[in-house]
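Report on the structure given below.
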Ligand SMILES: [Zn+2]
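Protein chains in written order, with the numbering used here: chain A, 1 to 100; chain B, 1001 to 1480.
Next up, the structure:
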């Protein structure tokens, strides 16, 4: 069966997500992602010409909150669950080093 | 065009579009009740929503939507139903791994901005989105590409923004500057943002390309980021345009990318390569419902808008003959109401406006009421006060209030009788016969020099109260 998603596309998406995939994983995900698109294609085949597009599952619009302050979290508690912290901030690896 | 407008080689035309991020001056963030305020203490205004913790849900700040619609209408946009969208990307400045923004259905579309010289720049859209956190790159001199690691502060994450996207209608650096200044004035007038570029509450990215004069094509553009002031924007655009011209002239072409403006180095360097729009995998935000303002909502917003700067300048322009710079300054400072009332009270319009521009460059001019300003201007135009005296009296009026006649007599600024002045001139001529001969029979240069000498002497003798024009007339009459 012809795959809707090529290996190159998987590699591209993996790069955007900073994922390092093995060759076997690339094949596997290409296959899985193609299956998902096949399913979408089945739905796409239905004639929905008379149906209003749904922008949201709930029949509601304009749900607002007042511009009023609510308590924020305690910083020690927040940083306590972070993998690394420094000077009251989250410490993360340099993400963009690969993109020169 | 100002004399300092840098220009490209004649055969090239500059094409600029600006994207301006405006921080809205709400009390709280866009989707949570955390304070929307600048704090030097990192990660103190954070909660499960703006940290993207599992299970948290956003709720839209109604005030932010009001402000966004107000800005849209002030820019002459159509304001209609809109939906929020997720812009997916992997970067630690958003803990959620996506930014909630608007994509195919923005709140405001198709407006225009009229610059102070009358030029019109199209507005493509103005959409609501949340700000990202602040990352600091440590190691490698703070440059993003060389960082050892990064620190993230989420205080700014979730702060409400409107991104105003212009059409690529800007052709000169002066117009780019005028655009930013005008947008800032509008933001201040409608009170939705403090619009301080130096504090980051108004951030400008510039899309720059060039094309041969006469061509209508849009060539590859580069997006310049990290512009911190209007002046810096001018330098960045100039540099980038020249870089494109140089590339084309050497048979190459720029590639579409985001570039980082380095103010100290005076150059732009490549940043993140521009990901295609598809790569952001935009989709409608399932956790927020659509925004559907009614016609009555939009009408109410229109009714709440103040008279905008362009209209205020036009009103002054109708009454006076001063240039656009003077009008801009007076309107920018909010002194146009005062000027209009003083003109209404009978003062000379051009004098009122130029006096305000030149001599009332202060934050607080509340001591200066229209009748008092009008009285001062009348004293100046009638010759009761010289220009120098009027300036000094005005300065006193701004400083401590009071009416100009009292201040003038308190300072001893009685109008000098012309026979009194004439007596002084005669005395000086008698005391300085050599200089007088040089004045009457010297060449042009000599005559000018001696006129300066006599004028200086008279000013000295009168503590600067004599009228320079009257002295010149007297000298000319006596020398002929
Ligand atoms: Zn929050």
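C-beta atoms are modelled at their ideal positions from N, C-alpha and C, and glycine is treated no differently.
Given the structure is predicted, the values throughout are model-derived calculations rather than measurements.
query                                                                                                                                                                              : result
Mind checking if residue 64 of chain A is an interface residue toward chain B, Cβ cutoff 7 Å exclusive?                                                                            : yes
I'd like to confirm the pairing. Which residues does DSSP put opposite residue 1289 of chain B in its beta bridges?                                                                : Residue 1289 of chain B is not bridged to any residue.
Verify the CB distance criterion: does residue 34 of chain A have a CB-CB separation below 7 Å to chain B?                                                                         : no
Roughly how many angstroms lie between the CA atoms of residue 1003 of chain B and residue 10 of chain A, to the nearest whole one?                                                : Confidence at residue 1003 of chain B is low in this model, with a pLDDT of 43, below 50, so its placement is unreliable and the value that follows should be read with caution. Computed Cα separation, rounded: 55 Å.
What would DSSP say about residue 1090 of chain B, mapped onto helix, strand or coil?                                                                                              : coil
Taking 8 Å as the cut-off, does the segment 1107 to 1125 of chain B touch the segment 1169 to 1179 of chain B (at least 3 CB pairs, one atom from each stretch)?                   : yes
Looking at the C-beta of residue 1153 of chain B, does it have a partner C-beta in chain A at a distance below 7 Å?                                                                : yes
Step through the CB atoms of chain B and report whether any lies within less than 7 Å of the CB of residue 76 of chain A.                                                          : no
Considering residue 1239 of chain B, what are the terminal residues of the alpha helix (DSSP H) in which it resides?                                                               : 1230 to 1249
So which residues put a beta carbon under 5 Å from any heavy atom of ligand 1, going in chain order?                                                                               : B/1032, B/1034, B/1047, B/1049, B/1050
So, with DSSP's three-state summary, where would you put residue 1209 of chain B?                                                                                                  : strand
Hey, how far is the Cα of residue 1053 of chain B from the Cα of residue 1160 of chain B?                                                                                          : 19 Å
What is the rounded straight-line gap between the Cα of residue 1289 of chain B and the Cα of residue 1011 of chain B?                                                             : 51 Å
Enumerated in chain order, which unbroken segments of the alpha helix (DSSP H) with a length of 4 residues or greater are wholly contained in the segment 1396 to 1468 of chain B? : 1404 to 1410, 1418 to 1431, 1433 to 1441, 1444 to 1461
Out of B/1239, B/1285, B/1016, which one is the CA nearest neighbour of residue 1264 of chain B?                                                                                   : B/1239
Does chain A have any CB closer than 7 Å to the CB of residue 1120 of chain B?                                                                                                     : no
For residue 1232 of chain B, which residues in the same chain have their Cβ closer than 8 Å to its Cβ, ignoring the five residues on either side in sequence?                      : 1261, 1263
Do we get a CB-CB distance below 7 Å when we pair residue 1292 of chain B with the residues of chain A?                                                                            : yes
Strictly under 7 Å for the Cβ-Cβ distance: is residue 90 of chain A near chain B by that measure?                                                                                  : yes
Looking at the strands, I want to know which residues DSSP matches up with residue 1077 of chain B.                                                                                : Beta-bridge pairing links residue 1077 of chain B to no other residue.
Tell me, please, whether the segment 1011 to 1025 of chain B touches the segment 1173 to 1181 of chain B by the rule of three or more beta-carbon pairs shorter than 8 Å.          : yes
Using 7 Å as the threshold, is the C-beta distance between residue 1342 of chain B and residue 1370 of chain B below it?                                                           : yes
If you drop the 5 nearest sequence neighbours on each side, which residues of the same chain put their C-beta closer than 7 Å to that of residue 1136 of chain B?                  : 1150, 1151
At the level of alpha carbons, what is the spacing between residue 1050 of chain B and residue 1133 of chain B?                                                                    : 9 Å
Just verifying my parser: in three-state terms, what is the DSSP assignment at residue 1136 of chain B?                                                                            : strand
Using the C-alpha atoms, what's the distance from residue 1372 of chain B back to residue 1465 of chain B?                                                                         : 21 Å
Would you call the segment 1102 to 1112 of chain B and the segment 1075 to 1089 of chain B in contact, with 3 or more CB pairs under 8 Å?                                          : yes
Given a limit of 7 Å on CB to CB distance, which residues of the segment 1291 to 1314 of chain B reach chain A?                                                                    : 1291, 1292
In chain order, which continuous runs of the beta strand (DSSP E) of length 3 or greater are located wholly inside the segment 1335 to 1409 of chain B?                            : none
Please classify residue 1300 of chain B: does DSSP put it in a helix, a strand, or coil?                                                                                           : helix
Is there contact here, the segment 1280 to 1300 of chain B with the segment 1179 to 1195 of chain B, by at least three beta-carbon pairs under 8 Å?                                : no
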